[in-house]
Amino acid sequence: MAAEYLRVWDDFCCEYSMRRKGWCMNKMHYHRSYELFIMTSGETELMNEDHIISMKKGDVALFRKNVLHKNNGGSAHGRYAVNFSDNFLSEHFMPNVIPEMLRCFDREKISISKEYFEYAAALLKRMREPGGEYAYLAALLTALGDIAERSGNAGTGAVKRGNVDPILEYINKYYGTIENIDEIADFVHMSKSYLCQKFKRETSMTVSEYLNSVRIKNACAMLADGFSVSDTALRCGYSTSSYFCKMFKSIVSMTPSEYRRYDEDMRNI
Numbered sequence: 013m014a015a016e017y018l019r020v021w022d023d024f025c026c027e028y029s030m031r032r033k034g035w036c037m038n039k040m041h042y043h044r045s046y047e048l049f050i051m052t053s054g055e056t057e058l059m060n061e062d063h064i065i066s067m068k069k070g071d072v073a074l075f076r077k078n079v080l081h082k083n084n085g086g087s088a089h090g091r092y093a094v095n096f097s098d099n100f101l102s103e104h105f106m107p108n109v110i111p112e113m114l115r116c117f118d119r120e121k122i123s124i125s126k127e128y129f130e131y132a133a134a135l136l137k138r139m140r141e142p143g144g145e146y147a148y149l150a151a152l153l154t155a156l157g158d159i160a161e162r163s164g165n166a167g168t169g170a171v172k173r174g175n176v177d178p179i180l181e182y183i184n185k186y187y188g189t190i191e192n193i194d195e196i197a198d199f200v201h202m203s204k205s206y207l208c209q210k211f212k213r214e215t216s217m218t219v220s221e222y223l224n225s226v227r228i229k230n231a232c233a234m235l236a237d238g239f240s241v242s243d244t245a246l247r248c249g250y251s252t253s254s255y256f257c258k259m260f261k262s263i264v265s266m267t268p269s270e271y272r273r274y275d276e277d278m279r280n281i
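The sequence shown begins at 13 in my numbering and counts up one residue at a time.
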């Protein structure tokens, strides 16, 4: 399976990494789990489905399940990525407390103060030690929820409205009917060549790569819901099932039928 697209973690994963200046994730991906993306140093930009978010030290991006995203890179930066599944939550917590723990995910970005950053950093270090992951995760989620609640609409970190946001929004809304890149260029009043250059410069992806990422992500959901391969292809903007299957396998590294079986297996774990 293409690790860059559908990333499958264990029920819980907490990892830390440093990225050099100029590093960039080339492809969009999504998880079947929740993700906390916590900046410890430097700056970067994240693509979150149809818009771009600026991130700096102390910022936390929150991704719900099945949300397409990628790290566009920026300066050298450090970050924690914490992924946890519904299975992990149900194994360690009572059903009535889980919604309260996840209330921080009502925001897509939370900025934390220096004081709380030191507290969060200590929790993250402990979280990487085996045996107590659930307790430290609960403490971190509770703290983030409290910060978001106290700050209201202010202080949670402004979302950058990137220059390519209208393009991203258009593709996410009309991915099933877009016939060519000229249609997108007409919508944003740009020449096709300028649109392609601008999009590649700001996202490190071509317009076609992003369009296909959005289409295939939605195709995965349709296949999981029981739509036929041919119906899914048409609904996602592909004129032929054969081309859809070719594109699907190039991105997901399995055929649509194989993905459907994989999804059924994952649901039965």
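Each residue gets a CB set at the ideal place from its N, CA and C atoms; glycine is no exception.
Keep in mind that this is a model prediction, so the values were computed, not measured.
Going by beta carbon distance, what residues of the same chain come within less than 7 Å of residue i, once the five residues before and after it are set aside?
{"i": "GLY169", "result": "Note that GLY169 scores a pLDDT of 47, beneath 50, so its modelled location is shaky; the value from the coordinates is reported in the next line. Excluding positions up to five away in sequence, the list reads ASP71, LYS121, ILE122 and SER123."}
{"i": "ALA166", "result": "For ALA166, the predicted structure reports a pLDDT of 44, less than 50, and the residue's modelled location is therefore unreliable. A value from the coordinates is still provided. Closer than 7 Å at Cβ, skipping near neighbours: no residue."}
{"i": "PHE199", "result": "TYR182"}
{"i": "LYS261", "result": "THR267"}
{"i": "SER253", "result": "VAL241, SER242 and ALA245"}
{"i": "MET255", "result": "Looking at the sequence shown, residue 255 is not Met but Tyr. Taken in chain order, the list of residues that qualify is empty."}
Leaving out five residues on either side along the sequence, give the residues of the same chain with a beta carbon under 6 Å from the beta carbon of residue i.
{"i": "ASP277", "result": "none"}
{"i": "MET234", "result": "THR244"}
{"i": "LYS69", "result": "MET51 and SER53"}
{"i": "TYR186", "result": "none"}
{"i": "LYS82", "result": "MET37, MET40 and MET59"}
{"i": "TYR146", "result": "HIS104"}
For residue i, which of helix, strand or coil comes out of DSSP?
{"i": "GLU27", "result": "strand"}
{"i": "LEU58", "result": "strand"}
{"i": "ASP71", "result": "strand"}
{"i": "ARG91", "result": "strand"}
{"i": "GLU47", "result": "strand"}
{"i": "HIS201", "result": "coil"}
{"i": "ILE64", "result": "strand"}
{"i": "ASN52", "result": "First, the residue type needs correcting, since residue 52 is Thr and not Asn in the sequence shown. If DSSP states are grouped into helix, strand and coil, THR52 belongs with the strands."}
{"i": "GLY167", "result": "In this prediction, GLY167 scores a pLDDT of 42, lower than 50, which makes its location untrustworthy; the coordinate-derived value is nonetheless stated afterwards. GLY167 falls in the coil class under three-state DSSP."}
{"i": "ILE122", "result": "strand"}
{"i": "GLY85", "result": "strand"}
{"i": "TYR42", "result": "strand"}
{"i": "PHE96", "result": "strand"}
{"i": "GLU112", "result": "helix"}
{"i": "CYS248", "result": "coil"}
{"i": "GLY34", "result": "coil"}
{"i": "GLU191", "result": "coil"}
Give the straight-line distance between the Cα atoms of residue i and residue j, rounded to the nearest whole angstrom.
{"i": "LYS212", "j": "VAL94", "result": "29 Å"}
{"i": "THR56", "j": "ASN84", "result": "7 Å"}
{"i": "GLY144", "j": "ASN230", "result": "36 Å"}
{"i": "PHE100", "j": "PHE24", "result": "7 Å"}
{"i": "GLY34", "j": "GLU141", "result": "31 Å"}
{"i": "ALA150", "j": "VAL264", "result": "33 Å"}
{"i": "GLY238", "j": "LYS126", "result": "48 Å"}
{"i": "TYR271", "j": "VAL109", "result": "33 Å"}
{"i": "HIS41", "j": "CYS257", "result": "19 Å"}
{"i": "ARG162", "j": "GLY188", "result": "40 Å"}
{"i": "ALA133", "j": "SER102", "result": "25 Å"}
Give every residue of the same chain whose Cβ lies closer than 8 Å to the Cβ of residue i, excluding the five residues on either side of it in the sequence, and list them in chain order.
{"i": "ASN175", "result": "LYS210 and GLU214"}
{"i": "CYS208", "result": "ILE193, THR218 and VAL219"}
Quick one, are the C-beta atoms of residue i and residue j less than 7 Å apart?
{"i": "VAL241", "j": "PRO268", "result": "yes"}
{"i": "PHE117", "j": "LEU74", "result": "yes"}
{"i": "ALA88", "j": "ARG138", "result": "no"}
{"i": "MET30", "j": "GLY86", "result": "no"}
{"i": "TYR148", "j": "LEU156", "result": "no"}
{"i": "TYR28", "j": "TYR92", "result": "yes"}
{"i": "CYS36", "j": "SER203", "result": "no"}
{"i": "PHE96", "j": "SER45", "result": "yes"}
{"i": "ASP275", "j": "ALA236", "result": "yes"}
Does chain D have any CB closer than 7 Å to the CB of residue i?
{"i": "GLU130", "result": "Within the model displayed, chain D is absent; a lone protein chain is all it includes."}
Shortest alpha-carbon distance to residue i belongs to which of the options?
{"i": "ASN224", "options": "GLU61, PHE24 and ARG31", "result": "GLU61"}
{"i": "HIS43", "options": "TYR187, ALA134, LYS77 and SER29", "result": "LYS77"}
{"i": "ASN184", "options": "SER253, CYS248 and TYR255", "result": "CYS248"}
{"i": "ASP158", "options": "TYR271, ALA197 and ARG115", "result": "ARG115"}
{"i": "PRO111", "options": "ILE196, CYS26 and THR154", "result": "THR154"}
{"i": "LEU80", "options": "LYS39, ASP98 and LEU152", "result": "LYS39"}
{"i": "TYR128", "options": "LYS82, SER251 and LEU152", "result": "LEU152"}
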